[in-house]
Amino acid sequence: MFTGLTRIDHVGIACHDLEEKIAFYESTFGLVVASREVNEAQGVKEAMLHVADGPSGSSYVQLLEPLGPDTPVGKFLAKRGEGVHHVGYGVDDVAAALEAIGAKHVRLLDERPRHGSMGASIAFLHPKDVGGVLTELVQAAEDPRKGRHNA
Numbered sequence: 001m002f003t004g005l006t007r008i009d010h011v012g013i014a015c016h017d018l019e020e021k022i023a024f025y026e027s028t029f030g031l032v033v034a035s036r037e038v039n040e041a042q043g044v045k046e047a048m049l050h051v052a053d054g055p056s057g058s059s060y061v062q063l064l065e066p067l068g069p070d071t072p073v074g075k076f077l078a079k080r081g082e083g084v085h086h087v088g089y090g091v092d093d094v095a096a097a098l099e100a101i102g103a104k105h106v107r108l109l110d111e112r113p114r115h116g117s118m119g120a121s122i123a124f125l126h127p128k129d130v131g132g133v134l135t136e137l138v139q140a141a142e143d144p145r146k147g148r149h150n151a
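The sequence shown begins at 1 in the UniProt record's numbering and counts up one residue at a time.
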């Protein structure tokens, strides 16, 4: 059952040089890298930088460097330059959220959840139906140390 959005999970920021942007966010804002991954399916190298913890889970800045110019982030950078690429919202059940949101005639870029950063289940909504913002739904992986979701 979809109970709504639980938090802002992360803000995805497209960049040309992942290492340079990590250094900037560490030195400027004191953020710490929580994970680094290469996601071949999405065509990116990424880093999740921890911002804060809240009752519904953690929040992050996600830095995205494209693996090539023909990837979604590569095309975004060519067209718009560096900047906010998408916003990820936490949900308790991404499959239920897709069903409920799709029933409200919001186009789904993903018909079913797929693998995301740090073991999360994710799905994207069409930006034209969400005020021009590429929107990601994130069901965080269960953190066995805390007994709750923690993206």
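Idealized CB from N, CA, C, for every residue including glycine.
Please read all numbers here as calculations on a predicted model, not as lab measurements.
Beta-carbon proximity check, residue i vs residue j, cutoff 9 Å
i: VAL91; j: GLN42; result: no
i: VAL133; j: VAL61; result: no
i: PRO66; j: ALA14; result: yes
Closest by C-alpha distance to residue i, when choosing among the options
i: GLY116; options: HIS126, LYS21 and VAL94; result: VAL94
i: ASP70; options: TYR89, LEU63, GLU40 and VAL61; result: GLU40
i: LEU98; options: GLU82, ILE122 and GLY131; result: ILE122
i: LYS128; options: HIS105, ALA120 and MET48; result: HIS105
Pairwise C-alpha distance: residue j and residue i
i: HIS85; j: LEU108; result: 17 Å
i: ARG114; j: LEU77; result: 24 Å
i: ARG7; j: LEU63; result: 19 Å
i: ARG148; j: GLU142; result: Residue placement at ARG148 is flagged as unreliable, the pLDDT there being 36, under the threshold of 50; the coordinate-derived value follows with that caveat. When rounded, the distance between both Cα atoms is 6 Å.
i: GLU20; j: SER27; result: 11 Å
i: ARG112; j: GLY4; result: 17 Å
i: GLN139; j: ASP9; result: 9 Å
Reduced DSSP category for residue i - H, G, I as helix; E, B as strand; rest coil
i: GLU19; result: helix
i: residue 153; result: This structure cannot settle anything about residue 153, because the visible part of the chain is limited to 1 through 151.
i: VAL61; result: strand
i: SER117; result: helix
Beta-bridge pairing of residue i - partner residues as DSSP gives them
i: TYR25; result: In the DSSP output, where bridge partners are listed per residue, TYR25 has none listed.
i: HIS105; result: None, per the DSSP bridge assignment.
i: GLY48; result: It should be noted that the sequence gives Met, not Gly, for residue 48. DSSP output for MET48 lists SER35 and GLN62 as bridge partner(s).
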